[in-house]
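In what follows, a structure is listed as structure tokens, so that the remarks can point back to it.
Protein chains: 2
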Amino acid sequence: MTENPLSSSSRVPVIEKLLTANEEVAADNRAELKIHGVKVINIMASPGAGKTTLLLATIEALGEAGPSIGVIEGDVASQVDADKIATTGVPVVQINTGGGCHLDAPMIRHGLQALPLEELDVIFVENVGNLICPVAFDLGQDFKVGLLSTPEGHDKPYKYPGIFEAVDLVVVTKSDLLPYLDFEVDTFRELVHGLNPDAPVLVVSAKTGEGMDAWVGWLSEQLRK
Amino acid sequence: MTENPLSSSSRVPVIEKLLTANEEVAADNRAELKIHGVKVINIMASPGAGKTTLLLATIEALGEAGPSIGVIEGDVASQVDADKIATTGVPVVQINTGGGCHLDAPMIRHGLQALPLEELDVIFVENVGNLICPVAFDLGQDFKVGLLSTPEGHDKPYKYPGIFEAVDLVVVTKSDLLPYLDFEVDTFRELVHGLNPDAPVLVVSAKTGEGMDAWVGWLSEQLRK
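Respectively, the protein sequence lines represent chains A and B.
If you use the numbering used here, the first sequence corresponds to residues 192 to 416, in order.
If you use the numbering used here, the second sequence corresponds to residues 192 to 416, in order.
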């Protein structure tokens, strides 16, 4: 029997653990950010969970004596969020996905080119409002933070486990609405820790300031790492 | 100059308006539903906007003398929503997308096979919680309804125009929370009508019953068509 030369596995180049295009660009972003000593926080949540409002309160809480901040805003359309951030004087870039349901690493690369990296300590990336799609895309960030607002209900880890497994921190937003809702904080925390035992769960209201110290404390600790 | 035979357009078969695989199955679903005289309402909204809660209140409001109802629940994971619907005695099917960010027509085809179509007048499809991805997928439905909960903010039509352009009706949910929020109903209505002048905007609270009559009235009108 003649051996078919095409079946000889020794002639077949095997490339293992090939990065996807997105992962390659994410690695480039990470390298570029390391050169400039900039940390990136990728913030993911549903539409209307209070991402921009928390960012505005965070910029105020960190203050002028705090780290130098930049923001990348991701939305399907419009620049209403970037306009709000711009009122604080912080450098901000708006990325419109034009229908896409998440940010990806090439979009962030473009965003980084429009920010003064040499002047910044931290960049907050506000991802597109979506509990599902953004989770699968590495942007080159240092930390991933998932927000869930109290009106969304404490059962969301059952229905959207991926995001709660993926993040380094979970922030429950809009705690000021707790008196009017049946959101059970302890139940939510147990569900999150069932999926991700190491992720702290903070309870915050950007409106009243409740919990902002713990959130700013967590941020400051990550920026020192 | 010799004519290149390959450039002769008369020999090239031209197939226009080819349906996608999803559109073909959606058309099949629509035909199947028409045979059985069943209307389908595709309900789309963010996570935690109150889709299941509105459905539970709707099943109660329509009552036993009303149309015969079935429900298809779409979620990334779990069956907590279907379990809630099942307590009403209404036939319900849970579809888990396993990570997918929307329902599609083949999923609905499977769902329809598990429901007693000959006994039903209307099927409510609760799509995956997502303001972006579900919009692009025809399920074979008769009507598309978009929900936006008051805590999400009245600016959402700027940022997620696609859903507000696509739907036949917009329902603002959780109106009982309006006193605690800065949600401007008139501004929201204007933004929706800028994108979709023909879509009524109803304001509803499944908790207090506010606006339920208008919502049930709209439904009853569509079911008579």
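C-beta atoms are modelled at their ideal positions from N, C-alpha and C, and glycine is treated no differently.
Source: prediction; values computed, not measured.
7 Å Cβ cutoff met for residue i and residue j
i: V281 (chain B); j: I232 (chain B); result: no
i: V313 (chain A); j: K230 (chain A); result: yes
i: A405 (chain B); j: S340 (chain B); result: no
i: A397 (chain B); j: L245 (chain B); result: yes
i: D359 (chain A); j: F334 (chain A); result: yes
i: M235 (chain B); j: N287 (chain B); result: no
i: G261 (chain A); j: L294 (chain A); result: no
i: K242 (chain B); j: L306 (chain B); result: no
i: I276 (chain B); j: N220 (chain B); result: no
i: P258 (chain A); j: L414 (chain A); result: yes
Same chain, Cβ closer than 6 Å to residue i, neighbours up to 5 away in sequence not counted
i: L322 (chain B); result: S237, Y351, I354
i: V392 (chain B); result: V361, R380, V383
i: A273 (chain A); result: E264, V283, Q285
i: V326 (chain A); result: G353, I354, A357
i: M192 (chain A); result: Caution is warranted here: a pLDDT of 46 is assigned to M192 (chain A), below 50, making its placement in the model unreliable, and the coordinate value is therefore given only provisionally. Excluding sequence neighbours, M192 (chain A) sits near nothing in its chain.
i: A256 (chain B); result: none
Cut-off 7 Å between Cβ atoms - residues of its own chain near residue i, not counting five sequence neighbours on either side
i: D329 (chain B); result: N213, E214, A217, A296
i: E375 (chain A); result: H345
i: P342 (chain B); result: K365, L368, L372
i: C324 (chain B); result: C292, H293
Cβ separation of residue i and residue j, assumed to be a contact under 8 Å, to the nearest whole Å
i: V316 (chain B); j: Q304 (chain B); result: Actually they do not touch by this definition, with Cβ atoms about 14 Å apart.
i: I427 (chain A); j: G302 (chain A); result: Nothing about residue 427 (chain A) can be reported from this structure: the residues present for chain A run from 192 to 416 only.
i: L308 (chain A); j: T279 (chain A); result: Wrong, their Cβ atoms sit about 19 Å apart, outside the cutoff.
Residues near residue i in its chain [Cβ-Cβ closer than 8 Å; skip 5 each side]
i: P348 (chain A); result: F355, F379, L382, V383, G385, L386
i: V395 (chain A); result: L245, V362, V363, T364, S366, E401, G402, M403, A405, W406
i: H227 (chain B); result: L308, E309, L311
i: T399 (chain B); result: S366, D367
i: A222 (chain B); result: none
i: V336 (chain B); result: I232, N233, I234, M235, V358, D359, L360, V361, V362
i: V267 (chain A); result: N287, T288, G289, G290, G291, C292, V319
i: G408 (chain B); result: none
i: P388 (chain B); result: none
DSSP-derived helix/strand/coil call for residue i
i: S259 (chain B); result: coil
i: K417 (chain A); result: Chain A is shown only over 192 to 416; residue 417 (chain A) falls outside these bounds and no answer can be derived.
i: V205 (chain A); result: coil
i: K335 (chain A); result: strand
i: V229 (chain A); result: coil
i: I323 (chain A); result: coil
i: L224 (chain A); result: helix
i: Q413 (chain A); result: helix
i: V271 (chain A); result: helix
i: V383 (chain A); result: helix
i: M192 (chain B); result: Reliability fails at M192 (chain B), whose pLDDT of 46 lies under 50, so the model's placement of it is uncertain and the value that follows must be treated cautiously. Residue state, collapsed to three classes: coil.
i: V316 (chain B); result: strand
i: A305 (chain A); result: coil
i: T211 (chain A); result: coil
i: L246 (chain B); result: helix
i: T279 (chain B); result: coil
i: G291 (chain B); result: coil
i: A422 (chain A); result: Shown here, chain A extends from 192 to 416; a query on residue 422 (chain A) therefore has no answer.
i: D377 (chain B); result: helix
i: L369 (chain B); result: helix
i: P388 (chain B); result: coil
i: D219 (chain A); result: helix
i: D329 (chain A); result: coil
i: D404 (chain A); result: helix
Beta-bridge partners of residue i, as assigned by DSSP
i: T364 (chain B); result: B:S340
i: I354 (chain B); result: Answer is none; I354 (chain B) lacks a bridge partner.
i: G265 (chain B); result: B:I286
i: L253 (chain A); result: For L253 (chain A), which the question treats as bridged, DSSP gives no partner whatsoever.
i: L393 (chain B); result: B:V362
i: M235 (chain A); result: A:G337
Cβ-heavy atom distance, residue i to the ligand GDP, below 6 Å
i: E223 (chain B); result: The ligand GDP is absent from the structure shown, which contains no ligands of any kind.
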